[in-house]
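Take 231 as the starting number for the sequence shown in my numbering and just add one per residue.
Using N, Cα and C, we set each Cβ at its ideal position, and we do this for glycine too.
Okay, so here's the structure we're looking at.
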Amino acid sequence: MSFKIDKQTLTDLAVFGTGKSQSVYEIFNRTHTRGGARLLEEMFQYPLSDLDAIESRSKSIAYYLNSGMAFPFRGAIFDAMEFYLNNTDTRTQLMAQDNTLGRKVKNMMGSDTDYTWIHNGIMGCLEMLNTLADFFQSSTEATDPSVKKANEELKKLLDNEKWNWYRQEKGKKKVSYEQAVKYDRVFRFEERDKLFKMMYNIFLMDVYITVGKVSKERGFVFAKALPPEENVLKLTGVFHPFLKKPIGNTIHVDGRSNVIFLTGANMAGKSTFMKSFTIALFLAHVGFPVPAEAMEFSVRNGMFTTINLPDNLSMGYSHFYAEVLRVKKVAQQLCQTKNLVIVFDELFRGTNVKDAYDATLAVAEAFAEIPDCLFMISTHIIEVGQVLKERSKNIRFVYLPTRMEGSTPVYTYRLTEGITNDRHGMIIINNERIIEIINGEGGAQ
């Protein structure tokens, strides 16, 4: 079973950016090859829900990180190779009888574009094979089982009698037309699939080396994956990876406290904490290091968040109705799949306070009856928390406090046990002199 995640959740977590905003993908997207970047994107699109697969990927990244290995290939050769190998039109295959005087003149003048891309592709293949051979000669045997298996496959593919002549071309900038005819037949038409298999393993190496390097630079750590039935999450010092000077927070939950009820004033940091929490869970299920001091987690089958839910005006949906439909979709997922993570930021903010109170209470109580999933709900309606404290025993109450210095609110961004009693909305309104401005007393600013 694959890890379930939808477009709304990917948007909430900013996994993939729009080009104008930061994204989690861009943090790691420093691969040396386009193929590595594609593979990285695929890993983000399809997180893992299998304990062994998560552990295997994490250990492979840790192996490359601890080895300090640099990516041994020139990234540019793979662009030439992919363009070359993806053109399998037999009409473009080099033939010995085509080596005419006219072709030689065009080649000397640099105008034989058809031959140029073929020659560049051939030289890229030769460089890849030679670089790989040099890499295996100079490196010790990998200790990680997955890396060792990939290297053994690469060695087997490299040891191919059909291209046992590649070593004699090491370091050369060009080959003769007669040699190119032979090499083109082998590379592009006879052994093409083997070259693609080699490239896949090299792209995987590129991703793992890059992820390890980025994680070391940013102070990310490897999370410890646990079986799903344990229903445990221990996050220590988790922080948002986009912030320059983040404040880490710690939260530990298990089956006896699988619903997190989060309160706090506006600007206290609730949404940032929820995003930090979910980004860490997402990266852990990709098998990547996470922005935290330490993490242990039971493997989940999926995650659905509602943090930045837009109106759907094109469908005629109000914000409240969009919220209702989102809760309905999540409820359907809960009926179909066990071990999910569900996160709602300010549930039912699009309706009146009375309906929001009743709906938030009803949904939170229903969530509390599903012990194999993990829930986080934030709200401004702190009265709901007081009722839930009396009715449900498996809800963890936490808040982000506000400290007043005179009439100025100061936010600690430090998670605290309990339910907030902060009500500073009117203080902020008064600080901005909004009523005076409306009454024409404050003047333009």
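His262 counts as buried, since no fewer than 16 other beta carbons sit within 10 angstroms of its beta carbon.
Between Thr373 and Tyr293, the C-beta gap is smaller than 8 Å, which places the two residues in contact.
The same chain holds no residue with a CB closer than 6 Å to that of Glu635 once the five nearest residues on each side in sequence are set aside.
Counting only runs of 3 or more residues that sit fully inside the stretch 435–475, the beta strand (DSSP E) segments are 454–456 and 463–468, in chain order. Take the alpha-carbon of Val554 and the one of Val560: they are about 10 Å apart. Scanning the stretch 572–616 for uninterrupted beta strand (DSSP E) segments of 3 residues or longer gives 604–608, listed from N- to C-terminal end.
Here Lys559 carries a helix assignment [DSSP, helix/strand/coil]. Burial check for Ile649: the Cβ neighbour count within 10 Å reaches 16 or more, so the residue is buried.
By the beta-carbon neighbour count (other beta carbons within 10 angstroms, threshold 16), Arg633 is exposed. In this structure, the beta-carbon distance from Ile235 to Ala455 does not fall below 8 Å. Per DSSP, Ala410 is one residue of the alpha helix (DSSP H) stretching across Tyr407 to Asp414.
The secondary-structure analysis by DSSP pairs Ala524 across a beta bridge with Thr466. Residue burial is scored here from C-beta neighbours: Glu613 has fewer than 16 other C-beta atoms within 10 angstroms and is therefore classed as exposed. Phe426 places its beta carbon less than 8 Å from that of Leu315. Sequence-distant Cβ neighbours of Asn488 in its own chain, meaning closer than 7 Å and more than five residues away, are Asn461, Pro601, Cys603, Leu604, Phe605 and Asn624. Here Met497 carries a coil assignment [DSSP, helix/strand/coil].
If you ignore the 5 residues before and after Lys505, its C-beta comes within less than 8 Å of the C-beta of Asp242, Leu243, Ala244, His470 and Ile537, all in its own chain and listed in chain order. A distance below 8 Å separates the beta carbons of Met428 and Leu384.
Counting only residues of its own chain and dropping the five nearest sequence neighbours on each side, Gly478 has a CB closer than 8 Å to the CB of Thr466, Gly467, Val468, Phe469, Ala522 and Glu523. Judged by DSSP secondary structure, Asn296 falls outside any beta strand (DSSP E) and instead within the alpha helix (DSSP H) spanning Leu281 to Ser297.
Collapsing the DSSP output to three states places Tyr255 in a helix. At the C-beta level, Val411 and Ala326 come within 8 Å of one another. Partner residues in the beta bridge of Tyr641, as assigned by DSSP, are Thr632. Phe308 places its beta carbon 8 Å or farther from that of His515.
Distance from the CA atom of Thr642 to the CA atom of Asn661, rounded to whole angstroms, is 20 Å. Here the alpha carbon of Lys379 sits roughly 14 Å from the alpha carbon of Ile291.
Straight-line spacing of the CA atoms in Ile668 and Lys558 works out to 41 Å.
Secondary structure at Ile664: helix, using DSSP grouped into helix, strand and coil.
Judged by DSSP secondary structure, Val377 falls within the alpha helix (DSSP H) whose first and last residues are Pro375 to Leu388. Shown here for Gly266: same chain residues with a beta carbon closer than 6 Å to its own, the five before and five after excluded, namely Phe433, Asp436 and Val437 in chain order. Ranking Gly485, Arg397 and Lys464 by CA distance to the CA of Leu511 puts Lys464 first.
DSSP, read as helix, strand or coil, puts Glu647 in strand.
Counting only the Cα atoms, Phe507 lies some 14 Å from Phe450. If you draw a straight line from the Cα of Asn394 to the Cα of Pro375, it is about 28 Å long. Cα atoms of Gln409 and Lys475: separation of roughly 58 Å, rounded to the nearest angstrom.
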